[in-house]
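Down below is the structure, laid out as structure tokens.
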Amino acid sequence: MADETFPGWHGTTIIGVRRGGEVVVAGDGQVSLGQTVIKGTAKKVRRLAPGGQDVVVGFAGSTADAFTLLDRLEKKLEAAPGQLTRACVELAKDWRTDKYLQKLEAMLIVTDGKTLLVVTGAGDVLEPEHDVAAIGSGGNFALAAARGLMETDLSAEDVAKKAMAIAAEICVYTNGNLTLETIRA
């Protein structure tokens with residue numbers, strides 16, 4: 012359900028790349044309203060540490076909705092320490108069945124350095140087949156670029172950076188101001 016108060020909000024490209032024992036999550040900084048860039052330096056990739064665990068999350072969609080989901084994810088991780096997939100499945104179940112949470116408009120890429128997941132409000136918890144996940148307005152551009160770059164010897168960080176640069180050249184809702192977090196297994 013779109014927010015009628017702010018029609019046409021766009022922004023965000025987030026990518027997660029797993030390679031060589033590490034996962035890199037990168038996000039651009041652009042938030043747009045229609046054809047206007049509202050902000051170019053938003054930080055959409057965060058490091059969480061619930062109960063001493065190290066988890067990196069990138070989000071696309073409504074910022075307030077994403078922060079609500081990040082709070083819920085932290086609680087799920089505290090309840091299931093070291094079990095990222097279980098915590099994400101529990102979050103997705105709540106998100107899908109709770110009437111309040113169902114209205115949240117966001118998507119998440121979540122990793123603990125071993126597991127890389129995409130979590131959606133449709134109840135999906137998906138692990139990518141090719142060690143690359145991407146979400147947001149420019150997600151498909153970044154995903155396609157990264158899949159091609161995975162055929163090279165580039166590091167996870169270099170794949171993420173180059174894929175985001177390609178997405179920024181194609182997608183008008185993506186810019187080159189990156190926030191990048193690396194986490195090792």
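Going by the numbering used here, the residue at position 104 of the sequence shown is 115; the numbering climbs one at a time, nothing skipped. Every residue gets a Cβ at the ideal spot worked out from N, C-alpha and C, and that includes glycine. The structure displayed is predicted, hence computed values, not measured ones.
Quick test of your reading: residue i and residue j, contact by CB under 8 Å. State the CB separation rounded to the nearest angstrom.
{"i": "residue 148", "j": "residue 24", "result": "6 Å"}
{"i": "residue 96", "j": "residue 126", "result": "6 Å"}
{"i": "residue 178", "j": "residue 170", "result": "In fact, because the Cβ distance is near 12 Å, the residues do not count as touching under 8 Å."}
Could you check where the alpha helix (DSSP H) with residue i kicks off and where it finishes?
{"i": "residue 88", "result": "74-90"}
Per DSSP, what are the beta-bridge partners of residue i in this structure?
{"i": "residue 121", "result": "68 and 128"}
{"i": "residue 166", "result": "Answer is none; residue 166 lacks a bridge partner."}
{"i": "residue 191", "result": "37"}
{"i": "residue 102", "result": "Note: residue 102 sits in no beta bridge, so no partner."}
{"i": "residue 144", "result": "27"}
{"i": "residue 160", "result": "According to DSSP, which records beta bridges pairwise, residue 160 is partnered with nothing at all."}
{"i": "residue 183", "result": "Looking at the DSSP assignment, residue 183 forms no beta bridge with any residue, so it has no partner."}
Along the chain, where does the beta strand (DSSP E) containing residue i start, and where does it finish?
{"i": "residue 112", "result": "Segment: none, residue 112 is in no beta strand (DSSP E) and carries neither H nor E."}
{"i": "residue 59", "result": "56-59"}
{"i": "residue 28", "result": "24-30"}
{"i": "residue 149", "result": "First-last for residue 149: undefined, no H or E at that position."}
How about residue i and residue j: do their beta carbons lie closer than 7 Å?
{"i": "residue 196", "j": "residue 26", "result": "no"}
{"i": "residue 99", "j": "residue 129", "result": "no"}
{"i": "residue 76", "j": "residue 116", "result": "yes"}
{"i": "residue 38", "j": "residue 69", "result": "yes"}
{"i": "residue 103", "j": "residue 120", "result": "no"}
{"i": "residue 9", "j": "residue 190", "result": "Because the chain in this structure spans residues 12 to 196, residue 9 falls outside the shown range and cannot be described."}
Can you have a look at residue i and say buried or exposed, based on whether 16 or more other CB atoms are within 10 angstroms of its CB?
{"i": "residue 60", "result": "exposed"}
{"i": "residue 41", "result": "buried"}
{"i": "residue 13", "result": "With a pLDDT of 44 at residue 13, under the threshold of 50, the predicted position of this residue should be treated as unreliable, though the coordinate-derived value follows. So residue 13 ends up on the exposed side."}
{"i": "residue 17", "result": "In this predicted model, residue 17 has a pLDDT of only 46, less than 50, meaning its place in the structure is not dependable; the value taken from the coordinates is given anyway. Exposed is the call here."}
{"i": "residue 183", "result": "exposed"}
{"i": "residue 72", "result": "buried"}
{"i": "residue 185", "result": "buried"}
{"i": "residue 194", "result": "buried"}
{"i": "residue 78", "result": "exposed"}
{"i": "residue 58", "result": "exposed"}
{"i": "residue 172", "result": "buried"}
{"i": "residue 54", "result": "exposed"}
{"i": "residue 146", "result": "buried"}
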